[in-house]
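Inspection log for the structure reproduced underneath, given as structure tokens.
Protein chains in written order, with the numbering used here: chain W, 1283 to 1530; chain A, 36 to 284.
This is how it looks when you write it as structure tokens:
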């Protein structure tokens, strides 16, 4: 691992939903520019894990640091902090009553108080980057799933986040639309974006991930570079998971 | 039928606008004024109550919940009596029948609208609030810019139905002598003495036409909204509410 200070650090993190131990003693780091793919069976805590990073889920024990800042410190301005963490949801969660431009401009104009003109310029740039320049005035309902997810990525990028979190960004998509979204994510990774992606796309992981975290029952049970993880997993649980994944 | 036309000819203006401009405004004009003002003022109250009802703060939740339950558990006429007798005491000065009725409708309809708005908010996918918070909006910013615009739009048909109820409820103003439509009809009946059937047929007709048109409008809007929800774009069978994609897998 690089010697640079980690951009995201989990320190002995525990989370319970009532009795259910959702995250158990998570210790992990993500360095600047690193791409981490989180995989594991459903219910293993992958989504919960990345949702703790921008405090969509609260934790009961441990600490999480983002760019060296304890994200549970009393002095943290939660809304400002969240605006620095790009988050992409499985179900896109675009705002259906707003145009594509307004979806992207909402946070810059509301949180950062940027002017409408500047925000729209930036939205246009970002849409070009995700290949949807022509859809700036469309509404989410007029876009395909893949296009909606690309707009959602542009929306997250509009706040210039130092890191992006992806929560199964392609799981709700028809197979023929998965590629276009992965393409955008790959180009982000190549541009040096720090990313944590919860995904089962093995080819994506192989191609761009620096590391894979394999989770089961709320724990990170195995980490490694994607090549050795996929071809030669160390734990029995990971072997079983991978063979299940391939048989589909 | 001839009687009805004759009554309409002689008393039409009284039914529509009361004695205005020679006397106070009354009749249908007051009924509409009460309904429109009532729903317009009840609306912000309803939104505020709804927000308090879904608030995690107990000191907001409990009083709002109490207001909503009490109002929904009382007959309107009883609320009218309460306001009629207690508002003047509270304010220390006499209160007109119109103001009494308006205040009653605002509180009463506010409680019903609160439940409509709350249902509208809670029927939105959870991801909408999460996405708004994730880009850095505060809770209230997310409510104002993301949640309420969608919830209220979806609730337009229910709110129109509530408006129809309000129109009918204004007739209870009769018991505290608000000179609205029913009051005017009763005045006419007292003048004519011998034609109650015709007079009250006219009264029924006016209420029915008004409410029927609004109900039709509500139905039309409801169809339009559900069409929009089902996805309107050519070739893209994508629901307006994106969560549907994830759950129909």
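Note that the Cβ used here is the ideal one computed from N, Cα and C, for glycine as well. None of these values were measured; they are calculated from a predicted model.
Which of helix, strand or coil DSSP assigns to residue i
i, result
"residue 1384 of chain W", "helix"
"residue 1398 of chain W", "helix"
"residue 107 of chain A", "helix"
"residue 1341 of chain W", "coil"
"residue 1314 of chain W", "coil"
"residue 55 of chain A", "coil"
"residue 1421 of chain W", "coil"
"residue 1297 of chain W", "strand"
"residue 60 of chain A", "strand"
"residue 1353 of chain W", "coil"
"residue 1445 of chain W", "strand"
"residue 1440 of chain W", "coil"
"residue 1494 of chain W", "strand"
"residue 1509 of chain W", "helix"
Own chain partners of residue i with C-beta closer than 7 Å, once the 5 adjacent residues on each side are dropped
i, result
"residue 283 of chain A", "Interpretation of residue 283 of chain A is limited by its pLDDT of 34, a score under 50 that renders its predicted location unreliable; the figure taken from the coordinates is listed afterwards. Cβ within range, chain order: n/a, list empty."
"residue 78 of chain A", "148"
"residue 100 of chain A", "88"
"residue 1396 of chain W", "1390"
Closer than 8 Å to chain A by CB, residue i
i, result
"residue 1392 of chain W", "yes"
"residue 1514 of chain W", "no"
"residue 1369 of chain W", "yes"
"residue 1441 of chain W", "yes"
"residue 1529 of chain W", "no"
"residue 1451 of chain W", "no"
"residue 1448 of chain W", "no"
"residue 1444 of chain W", "no"
"residue 1401 of chain W", "no"
Extent of the continuous alpha helix (DSSP H) to which residue i belongs
i, result
"residue 1468 of chain W", "1457 to 1472"
"residue 1367 of chain W", "Segment 1367 to 1370 is the beta strand (DSSP E) holding residue 1367 of chain W; no alpha helix (DSSP H) there."
"residue 1377 of chain W", "Premise fails: residue 1377 of chain W is in no alpha helix (DSSP H) and is neither H nor E."
Chain W contact for residue i (CB, 8 Å cutoff)
i, result
"residue 168 of chain A", "yes"
"residue 369 of chain A", "Since the displayed chain A opens at 36 and closes at 284, residue 369 of chain A lies outside it and no answer follows."
"residue 158 of chain A", "no"
"residue 173 of chain A", "yes"
"residue 277 of chain A", "Because residue 277 of chain A sits at a pLDDT of 39, beneath the cut-off of 50, its placement in the model cannot be relied upon, and the following sentence gives the value as read from the coordinates. Residue 277 of chain A counts as touching chain W."
"residue 188 of chain A", "yes"
Burial state of residue i, where buried means 16 or more other Cβ atoms lie within 10 Å
i, result
"residue 1451 of chain W", "buried"
"residue 1447 of chain W", "buried"
"residue 94 of chain A", "exposed"
"residue 1347 of chain W", "buried"
"residue 1287 of chain W", "exposed"
"residue 1521 of chain W", "exposed"
Residue i - containing beta strand (DSSP E), residue span
i, result
"residue 1476 of chain W", "1476 to 1480"
"residue 92 of chain A", "Here residue 92 of chain A belongs to no beta strand (DSSP E), and DSSP marks it neither H nor E."
"residue 1501 of chain W", "1501 to 1506"
"residue 142 of chain A", "Element bounds for residue 142 of chain A: not the beta strand (DSSP E) but the alpha helix (DSSP H), 132 to 157."
6 Å Cβ shell around residue i - same chain, five flanking residues per side excluded
i, result
"residue 224 of chain A", "231 and 234"
"residue 1430 of chain W", "1374, 1376 and 1422"
Same chain only: Cβ atoms within 8 Å of residue i, ignoring 5 sequence neighbours per side
i, result
"residue 49 of chain A", "61, 62, 219, 222 and 223"
"residue 1341 of chain W", "1295, 1296, 1297, 1305, 1334 and 1354"
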